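2 protein chains.
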Amino acid sequence: MTVLETRSQHGCFDGIQSYYQHSSETIGLPMRFSVYQPPQARSQRIPVLFFLAGLTCTEETFMIKAGAQRYAAEYGLMLVSMDTSPRQTGIAGETDDWDFGAGAGFYLDATEQPWSTYYRMESYITQELRQIIIDQFPADPNRIGIFGHSMGGHGALTLALRYPDLFRSVSAFAPICAPMQCPWGQKAFRHYLGEDQQNWRQHDATALIEDGRRIPDLLIDQGLDDQFLAQQLYPEALEKACREAEQKLTLRFHSGYDHSYYFISTFMSDHLKHHRDALL
Amino acid sequence: MTVLETRSQHGCFDGIQSYYQHSSETIGLPMRFSVYQPPQARSQRIPVLFFLAGLTCTEETFMIKAGAQRYAAEYGLMLVSMDTSPRQTGIAGETDDWDFGAGAGFYLDATEQPWSTYYRMESYITQELRQIIIDQFPADPNRIGIFGHSMGGHGALTLALRYPDLFRSVSAFAPICAPMQCPWGQKAFRHYLGEDQQNWRQHDATALIEDGRRIPDLLIDQGLDDQFLAQQLYPEALEKACREAEQKLTLRFHSGYDHSYYFISTFMSDHLKHHRDALL
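First to last, the protein sequences are chains A and B. Under our numbering, the first sequence has 163 at position 147, and the numbering climbs by one with no breaks. Under our numbering, the second sequence has 100 at position 84, and the numbering climbs by one with no breaks.
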């Protein structure tokens, strides 16, 4: 069984907030993740929610800023988050850009060198980390949901679409809905996946739905003052694909809210209720 | 009227989270503070809660980590926090120690050179910042409370004790209860206030109560896994002084909780209710 190094542990809403590091077989380097165990975890196997964070974030960001533990403690949900990429791979230029490389793994397995050796976040989350959570925490493997923010919203949507047997509920805050159409996604996909756009479609939520994939009822919240909305996020493209495919989608736009965790924290209770209703 | 530079603004729980900078007359340098205005602020003057943060923190820490906006929006309380010291004064050694100098103003007016020129956090908060909040925000000047964490808990207690006309409610998370008795306090007081311990008593919550000062009903939460409890915080000293002085104190110890914002966030709703009950 994977040996976990506990980096820190904190009491939080009658549960435990923990940070771990381990040697990842999938990535080939140390990886870090965080777990919030609500009080219900002391006595039973409980549902789990994976949260995938956005560009530049780490395994800490969600746990510090989102204010989710309060609701997780109320609803009996375990929360899991993880770093947003491998770190210190030694690949030249890895830390040159804030929107590509370190902190920007885009939750896929790169197929192109030099990235393909280490940048394997999709396999890391869906196989290795998922198995660690099932083996070493009181998690119910049949009740796992996934959600995320921005790049992590893209990750939640695409992993839910690609692994419908693994994730029973899904939602997102301000996700990159159509990465093939936006600068962030095009830059990442070109480097990680190469030039063939047919491969890109496997990692684009809008394209996956156009191509016939389906997920459980989807909840998305989007701020209208989001500085990245017009250029990077394309919720309208996803909405159109869902409508044409009869994929159920609740897409809510909120005036006065931006791309920050102040926005995320505001609507966190709705998202945790959404997952609770699907998982409990 | 003081000109405020708005550094950022974010929608949050149907209210507004804002960060400001201004040229401080009291400090003689730019100072930063943060305000959360709940939705009730759109239509009326509302009560205000000042939060004083701990060592190494800034005006952002509480607003990012404490999860207080949710309750402030529910109860109709404005939240105000501020940086924990002047910055970039040019004083030699100012940033050498994490527990003294920059990030460690201890919420008093230094009397000793070189600190006395700039380190005037007590006057800054009780006069200049308080006036800014009253003049430029929909604040009710007769309903202002104060709370804080660690060094900021010390600040909340001592400012409430020294200015009973300004603060109508007070509480603290893991405060430094008797700074004259602990290494953090002794180091700060020696440098800021000089060697005469009679002057120190004016800035030590336990001594102020011993010397006859009183405050409204006081709520303190303290984690029993707090790594600073034994050496730095001395809640028992404060409890003894309160008991002997018949100062009303609710002091709660919590097993499994440490000194972090995971602890603070867990008991935030109780503190905001405590202030709401006193201020509404």
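The beta carbon of each residue, even a glycine, is placed where N, CA and C say it ideally should be. This one's a predicted model, so the numbers in the text were calculated from it and none came from an experiment.
Nearest candidate by alpha-carbon position, reference residue i, set the options
{"i": "B:G27", "options": "B:E226, B:A89, B:W216, B:Q202", "result": "B:A89"}
{"i": "B:T127", "options": "B:G161, B:W216, B:I62, B:P55", "result": "B:W216"}
{"i": "A:S139", "options": "A:Q56, A:T174, A:M284, A:S166", "result": "A:T174"}
{"i": "B:N158", "options": "B:D181, B:I141, B:Q247", "result": "B:D181"}
{"i": "A:P251", "options": "A:Q197, A:A204, A:H219, A:Y273", "result": "A:Q197"}
{"i": "A:G239", "options": "A:G164, A:S271, A:K264", "result": "A:S271"}
{"i": "A:M284", "options": "B:Q248, B:R48, B:G83, B:T18", "result": "B:G83"}
{"i": "A:S24", "options": "A:R48, A:G164, A:G119", "result": "A:R48"}
{"i": "A:H207", "options": "A:A118, A:F67, A:M17, A:V51", "result": "A:A118"}
{"i": "A:G70", "options": "A:L254, A:H290, A:A253, A:F244", "result": "A:F244"}
{"i": "B:P54", "options": "B:S39, B:D227, B:M79", "result": "B:M79"}
{"i": "A:D293", "options": "A:D220, A:S185, A:A246", "result": "A:S185"}
{"i": "B:I231", "options": "B:L254, B:G210, B:W114", "result": "B:L254"}
{"i": "B:R61", "options": "B:G92, B:A246, B:Q129", "result": "B:G92"}
Pair within 9 Å by beta-carbon distance, residue i and residue j
{"i": "B:Q202", "j": "B:P191", "result": "no"}
{"i": "B:M98", "j": "B:L65", "result": "no"}
{"i": "B:M137", "j": "B:T100", "result": "yes"}
{"i": "B:P154", "j": "B:A261", "result": "no"}
{"i": "B:M94", "j": "B:F122", "result": "no"}
{"i": "A:T77", "j": "A:Y277", "result": "yes"}
{"i": "B:L234", "j": "B:C258", "result": "yes"}
{"i": "B:Q33", "j": "B:E21", "result": "no"}
{"i": "A:F29", "j": "A:R86", "result": "yes"}
{"i": "A:A188", "j": "A:F205", "result": "no"}
{"i": "B:L68", "j": "B:I160", "result": "no"}
{"i": "A:V96", "j": "A:Y135", "result": "no"}
{"i": "B:H170", "j": "B:A221", "result": "yes"}
{"i": "A:Q147", "j": "A:P199", "result": "no"}
{"i": "B:F273", "j": "B:D242", "result": "The residue asked about is misnamed: residue 273 of chain B is Tyr in this sequence, not Phe. Yes, the Cβ-Cβ distance between B:Y273 and B:D242 is below 9 Å."}
Residue i, enclosing alpha helix (DSSP H) - first and last residue
{"i": "B:E255", "result": "251-261"}
{"i": "B:F279", "result": "277-295"}
{"i": "B:L224", "result": "221-226"}
{"i": "A:E90", "result": "85-91"}
{"i": "B:I149", "result": "146-152"}
{"i": "A:Q56", "result": "Counting along the chain, A:Q56 falls outside any alpha helix (DSSP H), and DSSP gives it neither H nor E."}
{"i": "A:M79", "result": "77-81"}
{"i": "A:Q214", "result": "213-216"}
Three-state secondary structure (DSSP) of residue i
{"i": "B:G171", "result": "helix"}
{"i": "B:S24", "result": "strand"}
{"i": "B:I43", "result": "coil"}
{"i": "A:T72", "result": "coil"}
{"i": "A:I160", "result": "strand"}
{"i": "A:G201", "result": "helix"}
{"i": "A:A190", "result": "coil"}
{"i": "B:F66", "result": "strand"}
{"i": "A:D274", "result": "coil"}
{"i": "A:Y208", "result": "helix"}
{"i": "A:Q33", "result": "strand"}
{"i": "A:A120", "result": "strand"}
{"i": "B:R61", "result": "coil"}
{"i": "A:A155", "result": "strand"}
N-terminal and C-terminal residue of the beta strand (DSSP E) that residue i is part of
{"i": "B:Q268", "result": "A quick correction: the sequence has Arg, not Gln, at residue 268 of chain B. It spans 265-270 - the beta strand (DSSP E) in which B:R268 sits, taken as one unbroken run."}
{"i": "B:M94", "result": "94-98"}
{"i": "A:Q238", "result": "234-239"}
Below 7 Å between beta carbons is the criterion; list the residues of the segment 27-57 of chain A that meet it against any residue of chain B, in chain order.
G27, C28, F29, Q33
Taking a cut of 8 Å between CB atoms, which residues from the segment 82-98 of chain A lie near chain B?
G83, Q85, R86
If contact means a Cβ-Cβ distance below 9 Å, which residues of the segment 267-278 of chain A contact chain B?
H270, S271, G272, Y273, D274, S276, Y277, Y278
What are the residues of the segment 234-252 of chain B that lie near chain A, defined by any Cβ-Cβ distance shorter than 8 Å?
G239, D241
Short of 8 Å Cβ to Cβ, which residues in the segment 155-166 of chain B face chain A?
none
With 8 Å as the limit, tell me which residues of the segment 178-198 of chain A have their beta carbon closer than that to any beta carbon of chain B; keep them in chain order.
none
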